[in-house]
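Structure first, commentary second.
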Amino acid sequence: MASKIYQCIETIGNRIIEQKEFLTELDREIGDADHGINMARGFTEVLAVLPKDSDNIGEVLKKTGMTLLSKVGGASGPLYGTAYMQAGKVLAGKTSLSPEDGKAVFEAVIAGIQKRGKAVKGEKTMLDAIIPAYEAYTAALDGGAPAGDALDAMCKAAEEGVEFTKTIIATKGRASYLGDRSIGHQDPGATSATYTLECIRDFVKSI
Ligand code: ADP
Ligand code: MG
């Protein structure tokens, strides 16, 4: 039987692949119409090469990151590749996860994306979904909420973050070439990041 970590990555990969055209359309409006194509290609390869039965969470995430790094072009390949590799590093040696592990993963993922891409919140990138999601997740857990509620708060904040990207100017990545013409369009990377978080929430709640 496929391990839980494989099933989780499979859920994410299938969602990204299923949303390939929509993500590409979003990138057509403010980029070069390849975000969905890039991400779907990467996850197709990830699902082909990952060991299905390994429950070594760190190893599986690391391999996911390395595969995305080598197979996905553009800005998103190195950024998502780094995110999964950082998550793998934090979870090295683990075979099960706690809500606190989730916080540590978020922190390493955000630091890794920022180290590579030099973006901060408010530049119309994937970080406009990921950072508010982290803040909401952490605030909920720190306030004593059960893990399921913290995951719901995380997704709600990511979805609001995607909406927020419609209202701001892109100052990083290809969309920044458009200047204020990028206003009115939602960021493709923030959208794929939100799908990822929703899949993680749904998967964790299902087990
Ligand atoms: P490219 O822009 O090279 O064609 P993609 O289309 O696959 O790559 O990905 C575009 C997405 O990458 C954007 O929607 C944005 O969310 C994200 N992105 C671009 N540059 C950065 C950055 N410096 N930091 C964080 N995310 C970024
Ligand atoms: Mg693109």
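In terms of the numbering used here, the sequence shown opens at residue 4 and continues consecutively. Every residue gets a Cβ at the ideal spot worked out from N, C-alpha and C, and that includes glycine.
Segment contact: the stretch 13 to 20 against the stretch 43 to 56, three or more CB-CB distances shorter than 8 Å; contact assigned. The stretch 163 to 177 makes contact with the stretch 107 to 126: 3 or more CB pairs, one atom from each, lie closer than 8 Å. A Cβ-Cβ distance of about 19 Å is found for the pair G34 and K74, leaving them out of contact under the 8 Å criterion.
Distances from the alpha-carbon of L200 to those of G187, I40, A86 and P54 put A86 closest. Distances from the alpha-carbon of E24 to those of D104, I116 and T194 put T194 closest.
When the alpha-carbon of E21 is set against those of Y198, G77 and L94, the nearest one is in Y198. In the structure shown, H188 adopts coil according to DSSP, grouped into three states.
The ligand MG has no heavy atom closer than 7 Å to the beta-carbon of H188.
With contacts defined as CB atoms closer than 8 Å, R204 and L154 qualify as a contacting pair.
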